[in-house]
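A short write-up of the structure that comes next.
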Amino acid sequence: MAKDISKVNYDDAPEDIKGKGKMTEAIGTCKFCGQAKAVRIFPGEDADQVATNECGCYEARKEHDISVSVSAVSKAIDKKFDILSDVPEALAAIKAALEPVAREQIDNATFKISGFTFIVTTKDGKLKCIKKYTEIDEANENGAPE
Ligand SMILES: [Zn+2]
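Each residue of the sequence shown is one higher than the last, beginning at -14 in the numbering used here.
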């Protein structure tokens, strides 16, 4: 849903937002529906991107939902799967799979790392990363191999 920017008090904005510099008015165009609207942007920010983020059209809302869920799942992975912090390349590969899976360009992506299986997938339209560990043991004609 489009945010009503007229109700935002920028003087009360958190420090990290204030640190970006002084906001200015600009006209941006939604890249999906082409609707032009007045937006407030920070120096260096793209007015069209801000207008697209704030637009209420279907495509813009879908795009917004994808970026919100990719970012949320990415943070959840950092928080929950600390084993991946030891393997930054694996962490980066899993995170790179989030967006194409969220966009349904890839059905799911499976990564096998240090005995664990990580699956990036969607369930009921929700993006998620699942960690599995399957211990396989075997007793055969040679006895009980290690
Ligand atoms: Zn739009």
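Ideal Cβ placement from N, Cα and C applies to all residues, glycine included.
- When DSSP assignments are scanned along the segment 34 to 79, the uninterrupted stretches of alpha helix (DSSP H) that are 4 or more residues long and fall wholly within it turn out to be 43 to 65.
- Looking from the CA of T119, the closest CA among K111, V24, G100 and G19 belongs to G100.
- Judged by beta-carbon spacing, V86 lies within the 8 Å limit of L112, meaning their Cβ atoms are closer than that value.
- If you look at E10, you'll find it in the beta strand (DSSP E) that goes T9 to T14.
- One Cα belongs to G6, the other to F27, and the distance between them is close to 6 Å.
- The Cβ atoms of A45 and C18 sit closer than 8 Å to each other.
- Counted as a single uninterrupted DSSP element, the beta strand (DSSP E) harbouring A23 occupies residues A21 to I26.
- When secondary structure is reduced to three states using DSSP, A94 falls in the strand class.
- In chain order, the residues with a C-beta atom nearer than 6 Å to some heavy atom of ligand 1 are C15, F17, C18, Q20, C40, C42 and A45.
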